[in-house]
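Residue numbers (the numbering used here): 2 to 123. Backbone N, C-alpha and C fix where the C-beta goes; we use that ideal spot for every residue, glycine too. Predicted, not measured: the structure shown is a model, and the values here were computed from it. What follows is a single structure, written as structure tokens, with notes after it.
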């Protein structure tokens with residue numbers, strides 16, 4: 002097994018445990034068979050862009066996380082839109098911090114702008 006796929010396997014295992022998901026559930030949510038998911042984990046082949054996106058969705062990672070892991074980086078977990086008890090300023094602070102570290106900044110920036118627009122309207 003190559004080092005990049007070992008990193009991907011480890012990250013998938015850790016995230017699956019965090020989310021309390023079994024491999025069969027991850028495979029179902031990713032839209033692949035458990036044998037295909039196992040082959041990816043063993044490094045038998047690199048996931049296609051479509052399969053990578055399915056894995057990211059299943060593990061609640063941002064788009065590009067699988068490629069980031071395979072390239073030596075870290076996945077970016079997807080966070081809920083609003084946390085319970087979070088006021089608008091705490092939300093803006095959280096979103097800004099996430100944005101600074103997100104290689105795919107577009108969706109976070111849109112949410113920041115929408116939140117700021119809601120604040121101005123109120």
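Please return the same chain residues whose Cβ sits closer than 7 Å to the Cβ of residue 12, not counting the five positions on each side in sequence.
70 and 76
Roughly how many angstroms separate the alpha carbons of residue 79 and residue 31, rounded to a whole number?
15 Å
Apart from the five residues just before and just after residue 1, which ones in its own chain have a Cβ nearer than 7 Å to its Cβ?
Since the displayed the chain opens at 2 and closes at 123, residue 1 lies outside it and no answer follows.
Quick check on the burial criterion: 16 or more other C-beta atoms within 10 angstroms. Buried or exposed for residue 16?
buried
Buried or exposed, going by whether 16 or more other CB atoms sit within 10 Å of the CB of residue 53?
buried
Rounded C-beta distance between residue 27 and residue 18? I'm assuming under 8 Å.
Contact doesn't hold; Cβ gap of about 11 Å is too wide.
For residue 24: DSSP bridge partner residues
Paired residues: none, contrary to the question.
Could you check which residue in 60, 73 and 88 has the C-alpha nearest to that of residue 25?
60
Comparing alpha-carbon positions, which option in 118, 90, 22 and 72 lies nearest residue 6?
72
Could you name the residues that DSSP lists as bridge partners for residue 62?
78
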